[in-house]
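> Can you read through this structure? Questions will come right after.
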Amino acid sequence: MQGELVQALLNRRTQICARWATLLHIERANTALAHPDMLIHLLDWTFDSIIQALEIASKLKTPGPLQTSCARPNCPCGRNPYLYFFIAGEQAWLEAMVFTQVSIPKLESVVRDQAVIELLNLIRILGRTEVEAFCSVCQYRDAALSAAKVSARS
């Protein structure tokens, strides 16, 4: 991703975090830990992690062929609070990326598309790391995995 896009996203920090918080309050909370007020405190750390990863990618990479984005993280029992946190974050970041790209009309379409894919990949990789870390201590994990194996055999 171009450094110009990363800087423009960084400049939209307030808007991204505010939109993310709004979207968190819209998402359904299926556990107490998934309640938006429990997750809001993670916004700054997650924002910083995403920006840092984008900055590193912008310095190390030369634009390559367009790649598809990786899949969203998954949780066997569906109770992981980070699932909704990262879904809301993904939407907030994508909205900001669209507005950022519109404000830089000289961007080529391939650069715009690649930037969106890179952003999605970074958010999903970070999300997967956090979801898997939480799932590793979940008391419902084994039961959900066993149920999934039984239904797969049927």
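Residue numbering for the sequence shown is 604 to 757, as defined by this note's numbering. Heads up, the beta-carbon is just placed ideally off N, CA and C, and yes, glycines get one too.
Does the segment 725 to 732 come close enough to the segment 623 to 630 that 3 or more CB-CB pairs lie under 8 Å?
no
> Using 10 angstroms around the beta-carbon of Pro676, count the other beta-carbons present and answer buried if the total reaches 16, otherwise exposed.
Residue 676 sits at position 73 when you count from the first residue of the sequence shown. So Pro676 counts as buried.
> Do Cys680 and Val734 come within 7 Å of each other at the CB atom, strictly closer than that value?
Locating residue 734 in the sequence shown gives position 131, counting from the first residue. Locating residue 680 in the sequence shown gives position 77, counting from the first residue. Their beta carbons are not under 7 Å apart, which means Val734 does not touch Cys680 by this criterion.
> Please determine if the segment 644 to 662 and the segment 702 to 717 are in contact, where contact requires at least 3 C-beta pairs separated by less than 8 Å.
no
> Could you tell me the distance, in whole angstroms, from the CA atom of Gln704 to the CA atom of Cys741?
Locating residue 704 in the sequence shown gives position 101, counting from the first residue. Locating residue 741 in the sequence shown gives position 138, counting from the first residue. Cα-Cα distance, rounded: 40 Å.
> Assuming His644 is part of the alpha helix (DSSP H), what are its boundary residues?
For the purposes of this step, residue 644 is taken as residue 41 along the sequence shown, with counting starting at 1. It is not in any alpha helix (DSSP H) - His644 carries neither H nor E in the DSSP assignment.
> Do you know how far the Cα of Tyr687 is from the Cα of Glu630?
The residue labelled residue 630 in the question sits at position 27 within the sequence shown. The residue labelled residue 687 in the question sits at position 84 within the sequence shown. One C-alpha to the other measures close to 7 Å.
> Taking the alpha-carbon of Ala699 as reference, which of Leu612, Lys662, Asn683 and His644 has the nearest alpha-carbon?
The residue labelled residue 699 in the question sits at position 96 within the sequence shown. It is Leu612.
> Would Val609 be called buried (16 or more neighbouring beta carbons within 10 Å of its own) or exposed?
For this step, residue 609 is matched to residue 6 along the sequence shown. Under this definition Val609 is a buried residue.
> Residues in the same chain with beta-carbon distance under 6 Å from Phe689, minus the five sequence neighbours each way, listed in chain order, please.
Looking up residue 689 in the sequence shown gives position 86. Only Gly730 meet the Cβ criterion.
> Closest by CA to Ser652, which one among Ile707, Trp696 and Ser706?
The residue given as residue 652 occupies position 49 in the sequence shown. Looking at the Cα atoms, Trp696 is the closest of the given residues.
> Would you mind sorting Leu663 into buried or exposed? The rule is 16 or more other CB atoms within 10 Å of its CB.
Counted from its first residue, the sequence shown places residue 663 at position 60. It is exposed - the Cβ of Leu663 has fewer than 16 other Cβ atoms within 10 Å.
> Would you mind working out which of Asn614, Glu607, Ile720 and Thr732 sits nearest Cys673, comparing C-alpha positions?
If you number the sequence shown from 1, residue 673 lands on position 70. Among Asn614, Glu607, Ile720 and Thr732, the Cα nearest to that of Cys673 is on Ile720.
> Which two residues bound the contiguous alpha helix (DSSP H) that contains Leu626?
As a first step, residue 626 is located in the sequence shown; it is residue number 23 there, counting from the start. Looking at the DSSP string, the run of the alpha helix (DSSP H) that includes Leu626 is Arg616 to Ile629.
> CB Tyr685 to CB Phe737, shorter than 7 Å?
Locating residue 685 in the sequence shown gives position 82, counting from the first residue. Locating residue 737 in the sequence shown gives position 134, counting from the first residue. Yes, they are a contact pair.
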